[in-house]
Amino acid sequence: MDDRGRELRQVNGEMQMAGRTVRTVRRRPAAARRRHVAVRMLVRLSLALVLMAGTGLTIAAAARSHDVMKGWVASADELLVAVGLGLDTVTVSGQRFTGDSDVFDCLDLVRVRTLVALESLRAKSCVEALPWVSHVVLTRVYPGRLDIVVVERTPFAVWRHNGRTVLVDAFGHKLSAIAPEDRPGLLRIAGDGAPEAAKALVETLKHVPEIGSRLELATRIEGRRWSLSLTGNIRIELPAEGEATAIADLIRHPGGMRLLAGADSVVDLRSRFEIATRPAPPRQRSDGGG
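Residue numbering for the sequence shown follows the working numbering, beginning at 355 and increasing consecutively.
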């Protein structure tokens with residue numbers, strides 16, 4: 355328990371507190387050494403300022419020299435650590451499927467020793483490039499703590515592709531591979547371009563429970579149109595354009611509901627002028643690559 359009664363537990367050299375991972379970065383020198391180093395660094399910086407003033411060197415001119423600025427940053431970083439302003443604690447919260455180590459790697463803690471030295475935009479971009487991460491908020495808490503809040507993506511569908519099953523979100527981002535039987539409540543999709551087009555299909559079928567409630571697999575054909583496999587081995591071939599209109603025409607057709615209530619048939623809606631039907635071949639598993 356900490357001083358507030360919250361449970362703490364050790365996890366691979368890190369502490370987890372109330373669903374939050376806390377990493378303590380221990381690299382402060384002893385108090386006497388900190389004072390000695392601080393005095394020494396202050397002297398160095400003071401002498402450098404005097405030399406710059408004496409030679410008429412401006413900060414703008416110094417900025418043009420990579421080596422000079424690199425030395426200044428390193429000296430300032432050492433000074434901040436010496437006086438007790440080093441980056442000592444990093445907390446990460448909000449993550450469930452994103453590895454803590456992946457987040458910490460983005461911070462480059464071996465090189466970054468203070469909050470001043472932290473390149474926030476670079477670290478943020480690195481974390482947000484991780485598969486599960488939607489966005490991240492980095493908050494500096496002076497003198498020496500960095501709080502990271504991760505917001506992860508929400509799984510939307512399971513994509514079958516090239517013999518693999520992959521979780522994707524509503525925007526088509528690939529999250530992680532899963533076993534074929536995992537996440538049974540999610541929509542099953544297949545084919546090139548299916549992850550990016552799945553959200554629009556779900557919106558189209560939202561008001562058509564006669565189809566949406568029976569959908570087993572939606573296969574994207576040549577990246578242009580959908581083939582819908584329903585329970586009862588019913589397959590609906592949708593057109594590349596006007597999907598919603600074609601579905602509405604099927605539902606309004608006098609024999610539309612009878613076709614959907616049948617079994618082992620293909621209902622082809624690709625023609626604007628007629629609804630074609632034919633027997634369906636026996637059901638086969640496919641990754642929908644074609």
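Glycine is no exception: its CB is placed at the ideal position from the N, C-alpha and C atoms.
Since the model is a prediction, treat every value here as computed from it, not as a measurement.
{"Query": "Out of GLY453, ILE629 and VAL512, which has the shortest C-alpha to C-alpha gap to ARG350?", "Result": "The requested residue 350 is not part of the displayed model; the chain covers only 355 to 644."}
{"Query": "The alpha helix (DSSP H) with ASP456 in it runs from where to where?", "Result": "454-461"}
{"Query": "Could you give the residue range of the beta strand (DSSP E) that holds ASP523?", "Result": "518-523"}
{"Query": "Mapping DSSP to helix, strand and coil, what is ARG632?", "Result": "strand"}
{"Query": "Is it true that the CB of GLY498 sits closer than 8 Å to the CB of LEU441?", "Result": "yes"}
{"Query": "Quick one: measure Cβ to Cβ for GLY448 and VAL503, integer angstroms, because I've assumed they're closer than 8 Å.", "Result": "5 Å"}
{"Query": "Could you name the residues that DSSP lists as bridge partners for ASP622?", "Result": "GLU591 and ALA630"}
{"Query": "Would you kindly work out how many angstroms separate the C-alpha atoms of SER619 and ILE588, rounded to a whole number?", "Result": "5 Å"}
{"Query": "With a threshold of 8 Å, are at least 3 pairs of Cβ atoms found where one atom belongs to the region 527-542 and the other to the region 470-477?", "Result": "no"}
{"Query": "Given this structure, state the Cα-to-Cα distance separating LEU584 from ARG568, to the nearest angstrom.", "Result": "5 Å"}
{"Query": "Taking all protein chains shown into account, decide if VAL393 is buried (16 or more other Cβ within 10 angstroms of its Cβ) or exposed.", "Result": "Since pLDDT at VAL393 reaches only 43, below the 50 mark, its modelled position is unreliable, and the value read off the structure follows with that caveat. Classification of VAL393: exposed, given that the 10 Å Cβ count is below 16."}
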